[in-house]
Amino acid sequence: MGLDVVSQVLSNTANALSSAGGVGAVLFFVGFAIIVVMVVAMAVIGLIKLIKALPNIPVSGFLKLMVVTALVLIVLGLILP
Numbered sequence: 001m002g003l004d005v006v007s008q009v010l011s012n013t014a015n016a017l018s019s020a021g022g023v024g025a026v027l028f029f030v031g032f033a034i035i036v037v038m039v040v041a042m043a044v045i046g047l048i049k050l051i052k053a054l055p056n057i058p059v060s061g062f063l064k065l066m067v068v069t070a071l072v073l074i075v076l077g078l079i080l081p
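Numbering follows the UniProt record's numbering, with no gaps: position 76 of the sequence shown is 76.
Here it is in structure tokens:
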């Protein structure tokens with residue numbers, strides 16, 4: 001269900017961009033690539049900070065982390081078919 005919507009949005013975006021060629025499409029893709037690179041870099045930096053902080057957190061903090069991780073996985077399981 002969730003991926004169908006994403007696929008439809010990307011398909012509609014691709015159809016709209018296929019009619020618009022030239023410099024506009026190139027600038028759009030360059031800007032989109034920059035945003036994707038920034039998001040990936042922030043995710044990697046956050047993951048590295050989490051791994052560095054993991055040995056120093058108390059038991060209660062670790063349990064909270066596990067609960068949040070479980071909730072995220074449950075929500076992902078409900079969204080993705």
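C-beta: ideal position from N, C-alpha, C; glycine also.
In this text, all values refer to a predicted model and were calculated from it rather than measured experimentally.
The Cβ atoms of Leu47 and Ile57 lie no closer than 9 Å to each other. Spanning the alpha carbons of Ala14 and Val68 requires a straight line of approximately 35 Å.
The three-state secondary structure of Gly24, taken from DSSP, is helix.
For Ile79, the enclosing alpha helix (DSSP H) covers residues Val59 to Ile79.
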